[in-house]
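Have a look at the structure below before the remarks.
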Amino acid sequence: MSWFTWIALVVALQVVHQVHARAVFAHFMVTNSENYTLTDWEKDMKLAQSAHIDTFALNMAYLDKANDASVAMAFTAANTVGFKLLFSFDYAGNGAWDQAAVIKMIQQYGSNGAYFLCLINLI
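Read in order, the letters of the sequence shown correspond to residues -21 to -1, 1 to 102 in mature numbering (1 follows the signal peptide of the UniProt record, and there is no 0).
In structure tokens:
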């Protein structure tokens, strides 16, 4: 086998062997975390990681009393254990979210290192 043929074969195998990675999300009901401690969040995130889950989609009903404290604690835990979070604004729980509340939450946490940013590959 010539050197050129060998290189061509290696390159061809690299192209054929491309892997398209996908993120795995788990839907997490924030209202159920009202009594969570930081340790509870970290434990759940580590269990999720061991199951190859990358991100919790934090499902939140509008004006749920658990939202503010739980989301803050979730982001603290996620930064500690290297986990990702994103928001799922539930419109069925307590009705539609106020636009200003959604914007405020995204502005508050969107730049946090634990917030999952999806970059769409259009190629």
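Ideal Cβ positions, reconstructed from N, Cα and C, are used throughout, including at glycine.
Residue 69 (DSSP reduced to helix, strand or coil)
strand
Identify the continuous beta strand (DSSP E) that holds residue 4 and give its terminal residues.
4 to 8
Exposed or buried, residue 96, counting other C-beta atoms within 10 Å across all chains shown (16 or more means buried)?
exposed
Hey, out of 31, 40, 56, whose CA is closest to residue 17's CA?
56
Excluding the 5 residues flanking residue 76 on each side, which residues of the same chain have their C-beta closer than 7 Å to its C-beta?
41, 68, 70
Nearest neighbour of residue 14, chosen from 35, 29, 28, 44 [CA to CA]:
44
Just reading off the alpha helix (DSSP H) that residue 59 is part of, what are its end residues?
46 to 60
Just how far apart, CA to CA, sit residue 27 and residue 78?
31 Å
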